[in-house]
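Everything below concerns the one structure shown next.
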Amino acid sequence: MTRPIWMGDEPPPDKPATLADRMRLVLRGVPIATALLVGLIVLLAVRLIERPLHGEHRPWTPAITTVVCRICVALIGLRFSVRGEPMRHIGAVVANHTGWLDIYTLNACQKCYFVSKDEVAHWPFAGWLARATGTVFIRRDPREAKAQQAIFEGRIRDGHHLLFFPEGTSTDGMQVLPFKTTLFAAFYTHGLDKVMQIQPVTVNYTAPEGEDPRFYGWWRDMPFASHLIKVLSAPKQGAAEVVFHPPLDVSDYPSRKDLAAACEAAVRSGLVARSR
1062 MTRPIWMGDE
1072 PPPDKPATLA
1082 DRMRLVLRGV
1092 PIATALLVGL
1102 IVLLAVRLIE
1112 RPLHGEHRPW
1122 TPAITTVVCR
1132 ICVALIGLRF
1142 SVRGEPMRHI
1152 GAVVANHTGW
1162 LDIYTLNACQ
1172 KCYFVSKDEV
1182 AHWPFAGWLA
1192 RATGTVFIRR
1202 DPREAKAQQA
1212 IFEGRIRDGH
1222 HLLFFPEGTS
1232 TDGMQVLPFK
1242 TTLFAAFYTH
1252 GLDKVMQIQP
1262 VTVNYTAPEG
1272 EDPRFYGWWR
1282 DMPFASHLIK
1292 VLSAPKQGAA
1302 EVVFHPPLDV
1312 SDYPSRKDLA
1322 AACEAAVRSG
1332 LVARSR
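Under this note's numbering, the sequence shown is numbered contiguously, ending at residue 1337.
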């Protein structure tokens, strides 16, 4: 299965790597890889105790994920800020999707569990990390819709804040695409809509000085490896801002389309206007 791709405009061409770029890549990449590996080992060790005692509730391990992601954001060199507060109520989180960097910025300021396409589970290392941190993997197959809804409901009732990207694809970070409504249907089963909330979240990235405003965007057919290298080897880094909007009561919206539209409007309202 291939990931959905937003075509958008042609991305800026990659600049030839210099010796200084390669050095920065090593100086940032090695500590980040070490932090992820050590974090994974610690998380798995704690999970050995946590799971028999608490099952799927996971009261301890999400804090490890948050700390590791904060360390990674700092090692990348991003200036990081947060507006608003993560909700504490039972529910889910929706956000705009710029690229792989969202995993770190969104995990660095809240305890959440990503909803991801099934193919990620099979990626080397990244798939192991995703599994260990409690990611929910889904297949885009109508025949599995009911089973996936049951998984969502169980996780939400366990107190997990599931985070998903309703755009269905990553973008250049300059806009919010129309939200797909399919996954919102899971929040209207077995009375779940009467007890839960959805918190819209906007992630804003500011490119390093002198770079294209779309610097952190990952779209079209951009290879993951080359984009990762570009970001980690940049002489200067930009900034990331996470905006938590007021949570929405699902019961206030009669259908998944109404709920998706309200979430989309909130996320769009927090996007910082930028020009190219």
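Cβ coordinates follow ideal geometry from the N, Cα and C atoms, glycine included.
Over what stretch of residues does the beta strand (DSSP E) that includes residue i continue unbroken?
i            : result
residue 1167 : No beta strand (DSSP E) holds residue 1167; the alpha helix (DSSP H) holding it covers 1163-1168.
residue 1287 : Element bounds for residue 1287: not the beta strand (DSSP E) but the alpha helix (DSSP H), 1285-1293.
residue 1078 : Here residue 1078 belongs to no beta strand (DSSP E), and DSSP marks it neither H nor E.
residue 1329 : Note, residue 1329: premise wrong, no beta strand (DSSP E); alpha helix (DSSP H) at 1317-1330.
residue 1142 : 1140-1144
residue 1305 : 1300-1305
residue 1152 : 1152-1156
Buried or exposed for residue i, going by 16 or more other Cβ atoms inside 10 Å?
i            : result
residue 1250 : exposed
residue 1166 : buried
residue 1100 : buried
residue 1116 : exposed
residue 1294 : buried
residue 1305 : buried
residue 1227 : buried
residue 1288 : buried
residue 1267 : buried
residue 1292 : buried
Since residue i contacts residue j with CB under 8 Å, what's their CB separation in whole angstroms?
i            : j            : result
residue 1276 : residue 1284 : Going by Cβ atoms, the distance from residue 1276 to residue 1284 rounds to 16 Å, so no, they are not a contact pair.
residue 1255 : residue 1222 : That pair is no contact at about 18 Å.
residue 1132 : residue 1107 : Not really, about 17 Å apart at Cβ, beyond 8 Å.
residue 1197 : residue 1212 : 6 Å
residue 1317 : residue 1242 : 5 Å
residue 1136 : residue 1092 : 5 Å
Could you compute how far the alpha carbon of residue i sits from the alpha carbon of residue j?
i            : j            : result
residue 1233 : residue 1169 : 21 Å
residue 1207 : residue 1215 : 12 Å
residue 1258 : residue 1308 : 6 Å
residue 1121 : residue 1098 : 18 Å
residue 1200 : residue 1178 : 6 Å
residue 1248 : residue 1224 : 13 Å
Following the continuous alpha helix (DSSP H) through residue i, name the residue where it begins and the one where it ends.
i            : result
residue 1135 : 1122-1137
3-residue-minimum beta strand (DSSP E) runs that sit fully inside the stretch 1164-1198, ordered along the chain: Fully enclosed beta strand (DSSP E) runs of 3 or longer: 1174-1178.
Unbroken stretches of the alpha helix (DSSP H), 4 residues or longer, contained in the stretch 1203-1266: For the alpha helix (DSSP H) assignment, the uninterrupted runs of no fewer than 4 residues enclosed by the stretch 1203-1266 are, from N- to C-terminal side, 1206-1218.
Length at least 4, wholly inside the stretch 1069-1115: the alpha helix (DSSP H) runs in chain order: Within the stretch 1069-1115, the complete alpha helix (DSSP H) runs of at least 4 residues are 1080-1115.
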